[in-house]
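K.L.:
Just dropping this structure here.
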Amino acid sequence: MNEEEMKEQAALKNLANYWDGQFAMGSDGNGVVPDDWIAPPQVVCDRIVAAVKRLREGKQFSDMSVLVVGCGTSGLSEALHQKGFGSITSIDISSVAIEEMRLKAAHVGEWVVGDCTKLPTLFEPQTFDLCVEKGTADSLLFRIPKALRFAAIEKYFNGVFRITKQDCVFCIASPRRKFPLSRKSDWGTAWSWEKSSVASSDMKIVGEKRDTAYLHVLTKNQP
Ligand SMILES: C[S@@+](CC[C@H](N)C(=O)[O-])C[C@H]1O[C@@H](n2cnc3c(N)ncnc32)[C@H](O)[C@@H]1O
23 MNEEEMKEQA ALKNLANYWD GQFAMGSDGN GVVPDDWIAP PQVVCDRIVA AVKRLREGKQ
83 FSDMSVLVVG CGTSGLSEAL HQKGFGSITS IDISSVAIEE MRLKAAHVGE WVVGDCTKLP
143 TLFEPQTFDL CVEKGTADSL LFRIPKALRF AAIEKYFNGV FRITKQDCVF CIASPRRKFP
203 LSRKSDWGTA WSWEKSSVAS SDMKIVGEKR DTAYLHVLTK NQP
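For the sequence shown, my numbering gives the first residue as 23, with consecutive numbering after it.
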């Protein structure tokens, strides 16, 4: 392992410890550690469902496999399950969050402890039809040292590209209108990105003053 990789490993370990600490505090009902960040799960789920119906008309939800990245203790996986998606895998870097969800919502699907910057080591290529997240890319961008942020976000997004099918839909709910990617990134040509497709007052950022969030909807361009 070179020096850069060692720094990256240390940063990811700190990240896991940070989130384990957050989830270990538990939700006290006063918003110290919310079950859901960014926006209520049902609101985001409905927007995702609308995007999938529009972009993949005629496709049966029951035939679709879904990956929820950085699920935390959010109700988003459960909300998607209730919409009838065929299989749902939810991953998070925090083993505390995953343990809680395995106890609380085992019926929803698989709950996996995993790092979203290493997705190709966890899943086979072209496994998922739909990948969703709420606040995960966002948290990568402010919870790890500045020098490593671009690399982390690119590894995450490139990993999603690899483990999803050609006709997958990738939805990111975030307070950010844009995601900074390095100039070298091939994101501009690999994906079509409906920027800021949703900016609505019904997507509240839990625990923060801002009341606007966005749903970014990405589809792969033809090779
Ligand atoms: C702002 S919270 C959002 C949690 C949940 N998605 C929600 O909407 O409430 C960010 C989540 O991303 C997870 N996370 C952060 N870095 C991660 C990584 N490298 N791999 C997987 N999950 C990560 C955290 O553990 C945490 O659950």
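All C-beta atoms in this analysis are idealised placements derived from N, C-alpha and C, irrespective of residue type, glycine included.
Helix, strand or coil: which one does DSSP assign to Ala38?
P.N.:
Note: Ala38 maps to helix in three-state DSSP.
K.L.:
Just tell me which of Lys105, Ile120, Thr211 has its CA closest to the CA of Phe45.
P.N.:
Answer by Cα proximity: Ile120.
K.L.:
Looking only at its own chain, which residues have a Cβ that is under 7 Å from the Cβ of Cys67, when we skip the five neighbours before and after it?
P.N.:
Closer than 7 Å at Cβ, skipping near neighbours: Leu98, Ala101, Leu102, Lys105.
K.L.:
In this structure, does DSSP put Ala235 in helix, strand or coil?
P.N.:
Strand at Ala235.
K.L.:
How many Å lie between Ala32 and Ser117 at the Cα?
P.N.:
Each residue's alpha carbon lies about 17 Å from the other.
K.L.:
Kindly provide the ranges of any beta strand (DSSP E) runs that are 3 or more residues long and lie completely inside the region 96-156, ordered along the chain.
P.N.:
Here the runs fully enclosed are 109-114, 132-135, 150-156.
K.L.:
Would you say Trp59 touches ligand 1, meaning its beta carbon is less than 7 Å from a heavy atom?
P.N.:
Flag set: Cβ of Trp59 near ligand 1.
K.L.:
Would you mind stating whether Cys193 and Ile70 have Cβ atoms separated by less than 8 Å?
P.N.:
Taking 8 Å as the Cβ cut-off, Cys193 and Ile70 qualify as a contacting pair.
K.L.:
Between the Cα of Cys93 and those of Phe201, Trp41, Thr241, Phe179, spot the shortest distance and give me the residue it belongs to.
P.N.:
Selected option, being the one with the closest Cα: Trp41.
K.L.:
Below 7 Å, is the gap between the Cβ of Asp85 and the nearest heavy atom of ligand 1?
P.N.:
Asp85: no, Cβ never under 7 Å from ligand 1.
K.L.:
If you compare alpha carbons, which of Leu237, Trp213, Thr211 is closest to Arg199?
P.N.:
If we check each option's Cα against that of Arg199, Leu237 comes out closest.
K.L.:
Using a Cβ-Cβ cut-off of 8 Å (strictly less than) and excluding sequence neighbours within five positions of Asn36, which residues of its own chain qualify?
P.N.:
Correct list, in chain order: Ile166.
K.L.:
Heavy atom of ligand 1 less than 7 Å from the Cβ of Trp41, yes or no?
P.N.:
Because some heavy atom of ligand 1 lies under 7 Å away, the Cβ of Trp41 counts as near it: yes.
K.L.:
So what's Phe192 in DSSP terms, helix, strand or just coil?
P.N.:
Strand, per DSSP.
K.L.:
Comparing the CB of Lys156 with every heavy atom of ligand 1, is any distance shorter than 7 Å?
P.N.:
Yes, ligand 1 has a heavy atom inside 7 Å of this Cβ.
K.L.:
Buried or exposed: where does Met28 fall if 16 or more other Cβ atoms within 10 Å of its Cβ makes it buried?
P.N.:
Under this definition Met28 is an exposed residue.
K.L.:
Let me confirm a value: Gly181 is counted as buried when at least 16 other C-beta atoms fall within 10 Å, else exposed. Which label applies?
P.N.:
The residue in question, Gly181, is buried, as its Cβ has 16 or more Cβ neighbours within 10 Å.
K.L.:
Is the region 135-146 close to the region 70-85, with three or more CB pairs under 8 Å?
P.N.:
At 8 Å Cβ cutoff, the stretches do not touch.
K.L.:
Taking the continuous alpha helix (DSSP H) assigned at Leu170, which residues delimit it?
P.N.:
From DSSP, the alpha helix (DSSP H) with Leu170 extends over 168-185.
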